[in-house]
Amino acid sequence: METKKIYTFLQQAFVFAFIMLLANLIVGILPFPMPASVMGLILLFIALCLKIVKLEQVESLGNSLTGLISFLFVPSGISVMNSLGIMGQYGVQIVLIIIIATIILLAITGWTATALLNLKKNQSFSWDGLKSLFSIKRTHKKLDEVK
């Protein structure tokens, strides 16, 4: 019978702090700008996949932070409210960019997941997943036939 070890708040916070320290160090030596928080998420994901960090070591603090995420967006919302002039001037363009970027992100995520699942099943990679995602049909005619 397996028993789960209960990690204290401080132990879990230390794991997160250590990962963020590594993330800050890595971001400092990268030749391109990258947010340390994104690098920290990547490092945490890799550590969990490689079982360097066990889920129990970060689970309860991670769940607590996830529960507070809406509260953490309050400063961003206040910043947007302070920039209403810019939002009034460029609001439509900003919304369109956000919608288009979201659609592209979802399409690429779906395509990547499909490709990874195919690779996991030892199937060869194909573009069919992306084509079916956008329902692309090959119905074009040769230029000679059109003229």
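Residue numbers for the sequence shown follow numbering that gives the first Met the number 0, beginning at 0 and rising by one. The beta-carbon is built from N, C-alpha and C at its ideal position, and this holds for glycine as well.
In terms of Cβ geometry, L21 and L54 do not form a close pair [threshold 8 Å]. For the alpha helix (DSSP H) assignment, the uninterrupted runs of no fewer than 4 residues enclosed by the segment 24 to 56 are, from N- to C-terminal side, 35 to 48. Counting along the chain, the unbroken alpha helix (DSSP H) around K119 starts and ends at 83 to 119. The C-alpha of V37 is placed about 13 Å away from the C-alpha of L29. For F15, the closest C-alpha among the options P32, V26, F44 is that of F44.
The Cβ-Cβ distance between L60 and F8 falls below 8 Å.
Boundaries cannot be given for L67, as no alpha helix (DSSP H) includes it and DSSP labels it neither H nor E.
The three-state reading of DSSP puts F13 in helix, counting H, G and I together.
Here F8 carries a helix assignment [DSSP, helix/strand/coil].
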